[in-house]
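Below is one structure; the comments refer to it alone.
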Amino acid sequence: MTTISLAPPLPATRARTSAPAGFAGSTRVRTLMGWQPVATLMAGDLVLDESGNLHELRGIRRVQARGDATVRVVRKGRAPLTVGGGQMLRADDWRAQIVFARPTVSPAARLVDGVDLRAGCPGQVTLCQLQFDSVVCLDIDGAKALIKPAL
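Numbered per UniProt numbering, the sequence shown spans residues 1 to 151.
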């Protein structure tokens with residue numbers, strides 16, 4: 001008689017709480033009317049992507065996030081940006097060139113280096129999540145952010 005022994009079942013994966021995506025209300029994006037803070041945008045506004053193509057904004061969700069779940073993007077000569085740790089940012093600096101040999105897209109929380117991208121800010125932050133019908137790469141005050149359509 002042949003017997004078959006089965007391996008014990010794998011433990012269930014632990015639920016991971018992902019960092020929220022989105023931008024602080026003061027973050028500016030290019031629209032037909034010039035640079036506008038995301039907090040003032042409404043569904044139906046036309047937003048320009050990094051290539052100058054127009055995309056209709058389908059909606060904006062506002063979510064409360066803990067300050068330690070955000071990332072501050074520090075830039076020379078400009079005010080710092082606050083984005084959610086889960087917001088996809090395009091990195092095209094020397095680190096991306098060394099590691100990937102080309103620009104790459106990664107969640108903001110993974111790009112934190114303590115110099116140009118710093119972890120968190122105190123208190124609660126309201127993040128604005130922009131919603132489009134297709135994938136859009138926006139210029140947000142000089143940084144590049146990738147926004148995927150909501151499911």
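Quick reminder that beta carbons are idealized off the backbone N, C-alpha and C, glycines included.
The model shown is predicted, which means the values in this text are computed figures rather than measured ones.
In this structure, residue 140 keeps its C-beta atom at 9 Å or more from the C-beta atom of residue 72. Sorting 46, 111 and 18 by C-alpha distance to the C-alpha of residue 132 places 46 at the top. Judged by beta-carbon spacing, residue 81 lies within the 9 Å limit of residue 23, meaning their Cβ atoms are closer than that value. Look at the region 101-151 and you find these whole runs of beta strand (DSSP E), each 3 residues long or longer: 104-107, 117-119, 124-131, 136-140 and 143-147.
In this structure, the beta-carbon distance from residue 96 to residue 103 falls below 9 Å. Between residue 121 and residue 50, the CB-CB gap reaches or exceeds 9 Å. For residue 50, no beta strand (DSSP E) segment is defined, and its DSSP state is neither H nor E.
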